[in-house]
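*Asks:*
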Amino acid sequence: MVDIPLPGGSAPDADTTIVDTPPKQDGKGSSGILKSGAIMAVGTLASRITGFLRTAVIVAALGTGLVANAYNTANTIPNQIYDLLLGGILTSVIVPLLVRAKQRDRAAGEQYEQRVFTLAVIGLAVLTVVAVLLAPLFIDVLAGSYTGDQRAVAVLFARFFLPQLFFYGVGAFAGAVLNTRGSFGAPMWAPVLNNIVVIAVGGAFLAITTGRVDPSTISDQQLMLLSVGTTGGIVLQTVALWPSLRRVGFRWRPRLDFRRGELGEVGRMAGWTLLYVVATQVALAVVTALTNRAGKLAFDQGLGEGYGYTPYFNAYQLFQLPYAIVGVSVITALLPRMSRFAAEGKTADVRAAFSSGLRLSSVIIMPAAALMLVLGPEITTVLFAHGNTTAADALVIARVMQMFALALVPFSVYQLMLRVFYAHGDTRTPALVGLVVTTANIIMAFTAYNVLDVKWIVVGIAGGFAVTNLVGTITCWLVLRRKLGGIDGRRIVGGHLKLLVAIWPLIGFAYAAHTIADALGGTDTMLPALATLVAGSLGGGLLYVLFAKLMRVEEIQTTIATFARRLPGRAK
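Under my numbering, read the sequence shown as residues 42 to 613, first letter to last.
Shown next as structure tokens:
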């Protein structure tokens, strides 16, 4: 997932305008951010809904055992390599440079765009070939506990999944080009095609499979279906962007005639970013290895297969949903504004944009975290307790997700704060803060692995993630306050305290729904879990909106009005 800005060198349209005003006139800025974010949020919502259907189908097909661990571990490798070598650099370095280049000279900026794209394509092609050759090494690093058939299955998956690396990179850059030219739809909707392909693959796997599969019994036909189908979805997702690129006037013409200083500028900014991403990926590799080891320990102790990496992975996907829909959309709308204000020396406007974006995103992220915490078992039962995944397996996912829910608000705040530094061209501070956060994450993960009972290791590692993101948020807050001469702390803290008060009725109602359902027979089957989830979410959500209005949370009305205008049949 890549955060991509709006155009920096052309006049924004009515839906993307933020007024250059001091913080007291934040309302118009808030509306502008939400209008931009709403366009992207709809596509992101569709992508995430189909993404969860995809995850549910794969979990039903593979369960949460050894084959599922091998599949998910191998499928994360191209994402990790992409994030390590390109994703962070694209987000924090390349995109701001493109915005500035177009702001100085649009024609020269487009030539710079062509040169960077060419360099990325060549680099990705070479990197992909090398990565495929090193597939066994990657599996040994991330899943050293795999032996025999499980290792062989994981290596085969990795060889087929690693070509995704090339298409992730090309697709991300294509999305950046589209967004810098004011086109937001295709990058947000293209993942839906990938999800549909994988859903079809999972359905086909279920159709040709009876009972649970394990590494020693899975057939070549089943392996090829999963391997080719999963990567095929990523290929389709990338190819689907090209018609949109042509519509916005982008024609790729390979060129490597970099001007003096251009590569040096990229290198200077990318160095610190690379350090940050390396630290993050090291922490992720440690967590992946430890959760895989936890799964193997649980299996060896006769506790079943559902205590390893797959529950952690699925819970993390659920945790990412509110942030992906709201946080990423707001960040994507904010980054170009803050970059433009920073380039013009308008510190007050940077501060106002950050404050507005933070308060707007929290309006949805805070109640989402509360619902995940209270109704976690119902959510995972509805999504995952099917096919080869039992209600007990789904409950393990719920416990992990509840720990992640505690991290949702600090994680979202931390990510938004990092973009303020990137808007100023500062990649050093995020890297140094990131080192603190990832070091704490690794320490917490090892502590959980060595101290907790095997049933609770993955839950404890997720809890460590929450603690370390809180550390990152506090650290960034202190540094950012000095950098901006204040960050509108009174409005931010005041707004969040009001939201916290408004959330308690939601928590009470949702918990009452959970308790009543539990007394009536439990929610470990589909229909009771679904009824409890719907009742708790709708009733609690209505109470939250009511109390937020009573508390005069101005962002709640802005949010409702903006999204209401996006409904079919409503004037925009």
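Ideal Cβ positions, reconstructed from N, Cα and C, are used throughout, including at glycine. Note that this is a predicted model, so its numbers are computed, not measured.
(1) Give the DSSP-derived three-state secondary structure of Ser397 in the structure shown.
(2) Between Val461 and the rest of its own chain, which residues show a CB-CB distance below 7 Å, the 5 nearest in sequence each way excluded?
(3) Tell whether a beta-carbon distance below 8 Å holds between Ala195 and Ala184.
(4) Thinking just about the alpha-carbon of each residue, which of Val454, Ala432, Thr421 is nearest to the one in Val441?
(5) Tell whether a beta-carbon distance below 8 Å holds between Phe246 and Leu266.
(6) Could you check what DSSP says for Lys613 in three-state terms: helix, strand or coil?
(7) Kindly confirm or deny that the stretch 213 to 232 and the stretch 248 to 264 touch, where touching means at least three C-beta pairs closer than 8 Å.
(8) Whether or not the stretch 328 to 345 and the stretch 89 to 102 are in contact is what I'm after, with contact meaning three or more pairs of Cβ atoms, one per stretch, closer than 8 Å; do they touch?
(9) Measure the CB-CB distance between Glu419 and Thr573 and report whether it falls below 8 Å.
(10) With a threshold of 6 Å on Cβ separation, who are the neighbours of Gly68 within its own chain once the five nearest residues in sequence on each side are excluded?
(11) So what does DSSP say about Tyr187, is it helix, strand or coil?
(12) Is Phe198 near Asn110, with beta carbons less than 8 Å apart?
(13) In its own chain, which residues sit with a C-beta less than 8 Å from the C-beta of Ala464, not counting the 5 before and 5 after it?
(14) Would you mind sorting Asn491 into buried or exposed? The rule is 16 or more other CB atoms within 10 Å of its CB.
(15) Please report the straight-line C-alpha distance between Phe201 and Val327, rounded to a whole angstrom.
(16) Let me know the secondary structure DSSP gives Pro204 once reduced to three states.
(17) Could you tell me the alpha carbon to alpha carbon distance between Thr62 and Ile240, rounded to whole angstroms?
(18) From Thr516 to Leu264, what distance separates their C-alpha atoms?
(19) Taking its Cβ as the centre, do 16 or more other Cβ atoms sit within 10 Å of Thr479, making it buried, or is it exposed?
(20) Can you name, in chain order, every residue of its own chain whose Cβ lies under 8 Å from the Cβ of Lys590, other than the five neighbours on each side?
(21) Which of the three DSSP states is assigned to Ile484 in this structure?
(22) Compute the Euclidean distance between the alpha carbons of Ser397 and Ile544, then round it to the nearest angstrom.
(23) Since Arg238 and Gly290 are thought to touch, with beta carbons under 8 Å apart, how far apart are those beta carbons, to the nearest angstrom?
(24) Apart from the five residues on each side of it in sequence, which residues of its chain come closer than 6 Å, Cβ to Cβ, to Pro64?
(25) Could you tell me which of Val233, Arg296, Arg253 sits nearest to Val162, measuring between CA atoms?
*Replies:* Walking through what the data contain:
(1) On the sequence shown, residue 397 is found 356 positions in, with the first residue counted as 1. Three-state DSSP puts Ser397 in a helix.
(2) Taking the first residue of the sequence shown as position 1, residue 461 is located at position 420. Here the set comprises Met379, Val391, Phe395, Leu521.
(3) Residue numbering aside, residue 195 sits at position 154 when the sequence shown is read from its first letter. Residue numbering aside, residue 184 sits at position 143 when the sequence shown is read from its first letter. Result yes, Cβ atoms of Ala195 and Ala184 sit closer than 8 Å.
(4) Translated into the one-based positions of the sequence shown, residue 441 becomes position 400. Looking at the Cα atoms, Thr421 is the closest of the given residues.
(5) Here residue 246 refers to the residue found at position 205 when the sequence shown is read from its first residue. Here residue 266 refers to the residue found at position 225 when the sequence shown is read from its first residue. It is a contact, given that the beta carbons lie within the stated cut-off.
(6) To locate residue 613, count along the sequence shown from 1; it is residue 572. Only weak support is given to the placement of Lys613: the predicted model assigns it a pLDDT of 44, under 50, and the value that follows is read from those uncertain coordinates. Three-state result, Lys613: coil.
(7) no
(8) no
(9) Here residue 419 refers to the residue found at position 378 of the sequence shown. Here residue 573 refers to the residue found at position 532 of the sequence shown. It is a contact, given that the beta carbons lie within the stated cut-off.
(10) Translated into positions along the sequence shown, residue 68 becomes position 27. Here Gly68 scores only 41 on pLDDT, less than 50, and its place in the model is too uncertain to base an answer on.
(11) Here the question's residue 187 lines up with position 146 in the sequence shown. In the structure shown, Tyr187 sits in coil (DSSP, three-state: anything other than H, G, I, E or B).
(12) Indexing the sequence shown from 1 puts residue 198 at position 157. Indexing the sequence shown from 1 puts residue 110 at position 69. Going by C-beta atoms, Phe198 is not nearer than 8 Å to Asn110.
(13) Translated into the one-based positions of the sequence shown, residue 464 becomes position 423. Closer than 8 Å at the Cβ level, and outside the excluded window around Ala464, lie Pro137, Leu376, Met379, Ser380, Phe382, Ala383, Val391.
(14) As a position in the sequence shown, residue 491 is number 450, starting the count at 1. Result: exposed.
(15) Reading the sequence shown from its first residue, position 160 is the one you call residue 201. Reading the sequence shown from its first residue, position 286 is the one you call residue 327. One C-alpha to the other measures close to 23 Å.
(16) Translated into positions along the sequence shown, residue 204 becomes position 163. Three-state DSSP puts Pro204 in coil, outside helix and strand.
(17) Taking the first residue of the sequence shown as 1, we reach residue 62 at position 21. Taking the first residue of the sequence shown as 1, we reach residue 240 at position 199. Residue confidence is low: Thr62 scores 34 on pLDDT, short of 50, so the model does not pin down where it sits. Its coordinate-derived value is still stated next. Each residue's alpha carbon lies about 47 Å from the other.
(18) Here residue 516 corresponds to residue number 475 of the sequence shown, with the count starting at 1. Here residue 264 corresponds to residue number 223 of the sequence shown, with the count starting at 1. If I take the Cα positions, the gap works out to 46 Å.
(19) Taking the first residue of the sequence shown as position 1, residue 479 is located at position 438. Under this definition Thr479 is a buried residue.
(20) As a position in the sequence shown, residue 590 is number 549, starting the count at 1. Result list for Lys590: Ile597, Gln598, in chain order.
(21) Along the sequence shown, read from residue 1 onward, the residue named residue 484 stands at position 443. Correct three-state label for Ile484: helix.
(22) Against the sequence shown, residue 397 aligns to sequence position 356. Against the sequence shown, residue 544 aligns to sequence position 503. About 20 Å.
(23) One-based indexing of the sequence shown puts residue 238 at position 197. One-based indexing of the sequence shown puts residue 290 at position 249. With the sequence shown as reference, residue 238 is identified as Val, and Arg is not the correct amino acid for it. The pair is not a contact, with the Cβ atoms about 29 Å apart (cut-off 8 Å).
(24) In the sequence shown, counting from the first residue as 1, residue 64 sits at position 23. Its pLDDT being 37, under 50, Pro64 is placed unreliably in this model, and the coordinates cannot settle the point.
(25) Counting from one through the sequence shown, the residue named residue 162 turns up at place 121. Minimum Cα distance to Val162 is reached at Arg296.
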